[in-house]
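Q:
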Amino acid sequence: MKRICIFCASSPRIPQIYFDDARRLAELMVESGYEMVYGGGSVGLMGTMADVMLEHNAGVVGVIPKFMVEVEWQHKGVKEMHLTETMSERKQMMIKMSDAIITLPGSTGTLDELFEAASDKKLGLINKPLVILNTNGFYDSQIALLQRMVDENFMADVHLRKISVANTPEEAINLCCQTEEPTSLSDAQL
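Note that the sequence shown covers residues 1 to 190 in my numbering.
1) How many angstroms separate the CA atom of ILE163 from the CA atom of ILE101?
2) Report the three-state DSSP secondary structure of SER88 (helix, strand or coil).
3) Taking only the alpha-carbon atoms, compute the straight-line gap between ASP151 and CYS8 and give it to the nearest angstrom.
4) With a threshold of 16 other CB atoms inside 10 Å of the CB of ALA144, please say whether the residue is buried or exposed.
5) By how many angstroms is the C-alpha of PHE154 removed from the C-alpha of GLY47?
6) Using the C-alpha atoms, what's the distance from LEU114 back to VAL52?
7) Quickly, what does DSSP pair GLY41 with across the bridge? List them, please.
8) Taking the straight line between their C-alpha atoms, what separation do you get for MET149 and ARG161?
9) Return yes when at least one heavy atom of the ligand PLP lies under 7 Å from the C-beta of ALA22, else no.
10) Of the choices LYS2, CYS5 and ARG24, whose alpha-carbon is the least far from that of THR135?
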């Protein structure tokens with residue numbers, strides 16, 4: 001059984017289009033036989049994806065800091081819930097437990113997760129698919145910023161190509177199935 005790490009929003013007040021893509025992505029994960037590793041929350045895109053996975057008896061692994069449990073943000077239906085002391089530990093555990101990573105729209109925490117995974121991939125610390133699900137063009141400005149980093153030599157183009165962009169949940173799942181090329185630390189020069 002392969003696992004996909006999902007980084008995404010916990011806000012329940014976002015437009016419906018993001019919930020629709022989260023639900024569809026979870027359905028595709030179930031159909032493709034994937035388990036989900038996620039931040040352990042019960043609301044927003046996190047809760048939606050967990051609910052869909054659980055409705056289909058698919059594997060769900062939650063990773064949540066203790067302080068979030070204390071304020072009852074965790075999903076009560078997720079049986080495999082790992083507790084961490086910090087947000088940093090949470091990210092590292094989620095990445096380590098997964099075979100691929102998909103980042104859906106979210107706020108600063110989601111961006112933090114995405115860019116830590118991208119940095120780890122650039123440095124050769126991880127070698128697994130890293131996919132941005134760009135629902136409704138949400139990540140267009142971040143993708144443009146990454147391209148500017150390449151254009152102005154802050155980052156090598158080879159590192160930008162290590163991040164895949166999908167416009168639909170179907171594309172995101174397909175990109176998770178692609179084989180990764182070995183990464184070496186020498187590739188991390190820029």
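By construction, the Cβ of each residue, glycine as well, lies at the ideal position given by its N, Cα and C atoms.
Model, not experiment: these values are computed from the prediction.
A: Let me spell this out:
1) 10 Å
2) helix
3) Computed Cα separation, rounded: 28 Å.
4) exposed
5) 37 Å
6) Near 23 Å, if we compare the C-alpha coordinates of LEU114 and VAL52.
7) GLN74
8) 13 Å
9) The ligand PLP is absent from the structure shown, which contains no ligand whatsoever.
10) ARG24
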